[in-house]
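Those protein sequences? They're chains C and L, same order as listed.
So the first sequence is residues 1212 to 1529, counted in the numbering used here.
So the second sequence is residues 129 to 690, counted in the numbering used here.
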Amino acid sequence: MSAFGLPEQASSIAVRVDHLFYAVTLVTGVTALGVLIAMIFFGIRYREGSKARRAEDVPAAQARARRRVEVAWTLIPLLLFISAFVWASRIYVERATPPADAIEIFVVAKQWMWKLQHPGGQREIEELHIPRGQPVKLVMTSQDVIHSFFVPAFRLKQDVLPGAYTQMWFTATKVGRYHLFCAEYCGTDHSRMGGDIVVMEPADFQRWLVEHRGAVDMAARGESLFREFGCSGCHGQNASVHAPNLAGLFGRPVPLSDGRTVVADERYIHDSILLPRQEIAAGYAPIMPSFAGQIGEDDILALIEYIKSLAPEKERPR
Amino acid sequence: MTSASSPVATGDIPLPPNAVAARGSSYLDGGMTLRSWLLTHDHKRIAILYTLSITAFFFIGGAAATLIRLELATPMGDVVSAETYNKLFTMHGVIMVWFFLIPSIPSTLGNFLLPLMIGARDLAFPRLNLASWYLYVGGALFTIAAMLLGGVDTGWTFYAPFSTMFSNTHVIYVLAGVFVVGFSSILTGINFIVTVHKMRAPGLTWFRLPLFVWAQYATSAILVLATPVLAMTLVLLAVERLFGIGIFDPNLGGDPLLFQHLFWFYSHPAVYVMVLPAMGVVSELVACFSRNPIFGYKAMAYAILAIAVIGFLVWGHHMFVSGQSMYAGVVFSMLSFLVAIPSAIKVFNWTATLWHGRIVYSAPMLYALGFVGLFTIGGMTGLFLAALALDVHLTDTYFVIAHFHYIMVGGSVSAYLGGIHFWWPKITGRMYSDRWARFAAILLFVGFNFTFFPQYLLGMAGMPRRYHEYPPEFQTLNVLSSAGAVILALGYLLPLFYLTWSLLRGPRATANPWKATGLEWQTSSPPPEHNFDTVPVVDSPPYAYRPGVISPAVVQAREGTG
């Protein structure tokens, strides 16, 4: 088996990327061919010693024609470039905006493996099972250096950064097994940091989820971590320490002590655990210790899932 | 057909009386002692020092590439270990970028020719010029030390936090080497800018300058403005690595994307440092061997400036999937398409220069035409990478590798070799075998495409770059590429032999063997130490290959500058 041309199309975006690819190939190919033909034609016709008419014999009135040619070969490429730019940007913007109903899957990259967790608690290494025909959103972070999640059959790639969440989303269109590569150089075994994306019929996927169900789902695992790391000592319902109540926190705006307001998203919670002094909620003392170096990225994701699951309580006086 | 043994040219270009001056007053007669070379202030001798240094590094970098292609002939890692492989591509990149490509045309041909082309006796600051070379050597020593101590595995891009907190190799030595060699670039840039502003011969107005000089000038501006940013960035890397002060590593409170912004703010303009001088060389060659004024001279000069300016605004196109804002991606994509316009204009103008010419296919012309072809392919595949949705699939794959090798090796190295062949008689005073040189040019063109075209296909199919091992379906294309590299390597070795022969046995060159215009051809070959016996006076536009026939470009030039 060998690989020529673009790989299989296995995501909804792949078809559209390929159309653009072929269109750009056609336009640049025709232009390159034109330049080549002109070079060969001039090269033969105007070789030294040939009898072709030369500049000496051409009237100077051609100056205007020359100017027109120069304007044409500036403006025509400009128009073509603008079209390609708009076409490509539309797909790019779509790629950056996941639909609201996408299944969330959590990705933690580390030298040199991919760790994946489903919301139901199923955990995978170097293999990701997903259903066909349903949008999937990956929430990704790295435990060490920069990696990049690359699935050629989906025509998608996204760098995975330490200390930040990046996301990508796709709808797989074809059942099968596809390469997952790390595309950002990450050290010794970079080329071995790969795996497979397994696209299954939705019914098969449901069966797979049931078969691989862990003892607890992510939020439940987060809840036990919440106690294990002592978070509940301050943030729990019966805590005596003056610490923010986390129920209903996720997605809400949080006023900070420096006057700014941030939305309590995955990044905010992640940073509050590792760098608690950076963004202090207004009205609270900066007393939370940092958990940097003590807690893994996959555990932080479970904690976030737990915090997401906490329903807002009734307003209580502060 | 111009050949090594053709008689002295007395064609359509009248030679000034000193052109055929008696031999014996050349810059090479100042002595061959080590001291006469290492303490010289003569820009021509310094150019030779640079040429020898970068040639040595070209072959070291080439040796690393040879091992890389050998390893990639099979999917399994069976020639070297993963660690060694990573060190090989890092050294290949560091050496080829900073110790070969960036100094290549400016420091060798530029150093030798810039004063000659503008009718000056030397660069504005001859001692500074020598200091630049010593800085280059200093940087080179650090880099060689890093290699001897065991190498570096960060990739030439030094991405943090891998380079600062995770790599266990000799990163600091290489950072120091690149830091120091950067100052060599800055000093050369300042020297060239001042020289072009202040030392042009009487009558040599801006729009009478050869495009080679325009290109050197624009390149120097980039070197002076961009290189300090690289120096800063390298210091920040070193500070984080040595003292654990958080700048780029998020675990220390830093931001890894900050590094990428700073790095590419230098490294994208640096691409134009590699390719603008090549465009300058090719303009000289195409005009001379078509016996035609360059088509659209003014458009060509403005295109050089436009590339240099817009080149500063496109760095973010290296970061479309890095996690930078989507809106930033859209803006950088648009600017990247814009920078392609002046490049396209240049390709069309070179092609149109052939129109109505009297084309002579000597070796330098073959290199120049090879440049135009390969640069066109490299430039057009750049459009794929500027298009956001396509870049998402293609970035960090072999498509990118193929793209920038077409620009930098197919383009810049072809132009560099074309320039070396064109000005060889001027520099050495000897002719070489045009037949062998033409053979080498064709071999390089074939070998280059054979090596790098398959890499476009590999990238399309999804093979990531910097992979020591790869899935078996990519093997066919990798074997093709490695086989092509054998031809390419032969093509690069060949000039060593016939040019060495030329140095020892080659027939003596006349002052102007190609019947070229340009002030450098009006002095003897090799030129005397002071370049010109009398200061030349310029009263005509460049590329006056058809006395009596005035092209519109020439009319423009005359109207514009009086």
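No residue lacks a Cβ here, since even glycine has one placed at the ideal position from N, Cα and C.
Nearest-angstrom beta carbon gap, residue j and residue i [assumed within contact, 8 Å]
i: C/C1397; j: C/Q1322; result: 6 Å
i: L/N257; j: L/H171; result: 6 Å
i: L/N214; j: L/A175; result: About 35 Å; that fails the 8 Å criterion.
i: L/T179; j: L/T271; result: 19 Å between Cβ atoms; not a contact.
Counted within 10 angstroms of its Cβ, other Cβ atoms place residue i as buried (16 or more) or exposed
i: C/A1283; result: exposed
i: L/Y455; result: exposed
i: L/I548; result: buried
i: C/I1224; result: buried
i: C/E1210; result: Residue 1210 of chain C lies beyond the range of chain C shown here (1212 to 1529); nothing can be said about it.
i: L/P378; result: buried
i: C/N1449; result: exposed
i: C/L1237; result: exposed
i: C/P1342; result: buried
i: C/A1414; result: exposed
i: C/V1311; result: The amino acid at residue 1311 of chain C is misidentified as Val; the sequence shows Ala. C/A1311 is exposed by the Cβ-count criterion.
i: L/M160; result: exposed
i: C/P1466; result: exposed
i: C/Q1328; result: buried
i: C/H1230; result: exposed
i: C/K1519; result: buried
i: C/Q1489; result: exposed
i: C/P1500; result: exposed
Top-ranked residue by Cα proximity to residue i, from the options
i: L/I230; options: L/I300, L/F294, L/H596, L/L404; result: L/L404
i: C/A1313; options: C/S1294, C/V1350, C/T1285; result: C/V1350
i: L/P289; options: L/G331, L/W642, L/L365, L/S653; result: L/L365
i: C/G1260; options: L/A201, L/H484, L/M219, L/A274; result: L/H484
i: L/A692; options: L/M559, L/F417, L/Y534; result: Past the boundaries of the shown model lies residue 692 of chain L; chain L is included only from 129 to 690, so the question cannot be answered.
i: L/V666; options: L/K554, L/A343, L/T333; result: L/T333
i: L/V500; options: L/Y287, L/R486, L/L513, L/T481; result: L/T481
i: C/R1418; options: C/I1498, C/G1470, C/H1340, C/R1471; result: C/H1340
i: C/I1248; options: L/G590, L/D250, L/L497; result: L/L497
i: C/A1234; options: C/P1523, C/P1363, C/S1294; result: C/S1294
i: L/F440; options: L/I570, L/A398, L/D206, L/L277; result: L/A398
i: C/M1404; options: C/W1325, C/V1371, C/Y1495; result: C/W1325
i: L/G190; options: L/L200, L/L198, L/P203, L/H220; result: L/H220
i: L/T645; options: L/R633, L/S411, L/D519; result: L/S411
i: L/A668; options: L/S471, L/W165, L/R486, L/L337; result: A quick correction: the sequence has Ser, not Ala, at residue 668 of chain L. Comparing Cα-Cα distances from L/S668 to each of L/S471, L/W165, L/R486, L/L337, the minimum goes to L/L337.
i: C/Y1517; options: C/H1481, C/G1494, C/A1493; result: C/H1481
Backbone secondary structure at residue i - three-state DSSP
i: L/C437; result: The question names Cys, but residue 437 of chain L is Val in the sequence shown. Correct three-state label for L/V437: helix.
i: L/P656; result: strand
i: L/L502; result: helix
i: L/W642; result: coil
i: C/R1471; result: coil
i: L/R151; result: A caution first: L/R151 carries a pLDDT of 47, below 50, which makes its placement in the model unreliable, though a value can still be read off. Three-state DSSP puts L/R151 in coil, outside helix and strand.
i: C/R1227; result: helix
i: L/L466; result: helix
i: C/L1339; result: strand
i: C/K1348; result: strand
i: C/K1321; result: strand
i: L/I422; result: coil
i: L/W629; result: helix
i: L/A617; result: helix
i: C/F1360; result: strand
i: L/F460; result: helix
i: C/F1215; result: coil
i: C/A1383; result: strand
i: L/M428; result: helix
i: L/G238; result: helix
i: C/G1459; result: coil
Quick one: which residues of the stretch 1384 to 1415 of chain C get their C-beta closer than 9 Å to a C-beta of chain L? List them in chain order. Taken in chain order, the members of the stretch 1384 to 1415 of chain C whose beta-carbon sits within less than 9 Å of a beta-carbon on chain L are H1390, F1392, C1393, A1394, E1395, Y1396, C1397, G1398, T1399, D1400, H1401, S1402, R1403, G1405.
May I ask you to list, following chain order, the residues of the stretch 462 to 491 of chain L that have a beta carbon less than 7 Å from some beta carbon of chain C? Contact annotation: in the stretch 462 to 491 of chain L, residues whose CB is within less than 7 Å of a CB in chain C are M462, F465, A468, I469, A472, I473, V475, F476, T479, L482, W483, H484, G485, R486, I487, V488.
Determine which residues of the stretch 193 to 218 of chain L have a Cβ less than 7 Å from any Cβ of chain C, and write them out in chain order. In summary, the residues of the stretch 193 to 218 of chain L whose CB is separated from some CB of chain C by less than 7 Å are A210, E211, N214, in the order they occur in the chain.
Scan the stretch 594 to 611 of chain L for residues whose Cβ lies nearer than 9 Å to a Cβ of chain C and list them as they occur along the chain. Listed by position along the chain: R594, Y595, H596, E597, Y598, P599, P600, E601, F602, Q603, T604, L605.
Of the residues that make up the stretch 1500 to 1529 of chain C, which ones have a beta carbon closer than 9 Å to any beta carbon in chain L? Going along the stretch 1500 to 1529 of chain C in chain order, one finds A1503, G1504 with a Cβ nearer than 9 Å to chain L.
Taking a Cβ distance cut-off of 9 Å, strictly less, list which residues of the stretch 425 to 447 of chain L are near chain C, in chain order. Against chain C - using a Cβ distance shorter than 9 Å - the residues of the stretch 425 to 447 of chain L are A427, M447.
Anything in the stretch 1338 to 1370 of chain C with a Cβ closer than 7 Å to a Cβ of chain L? List those residues in chain order, please. Going along the stretch 1338 to 1370 of chain C in chain order, one finds D1355, V1356, I1357, S1359, F1361, P1363, R1366, L1367, K1368, Q1369, D1370 with a Cβ nearer than 7 Å to chain L.
Could you run through the stretch 1302 to 1318 of chain C and flag, in chain order, every residue whose CB is less than 9 Å away from some CB of chain L? Cβ proximity to chain L below 9 Å picks out I1302, Y1303, V1304, E1305, R1306, A1307, T1308 from the stretch 1302 to 1318 of chain C.
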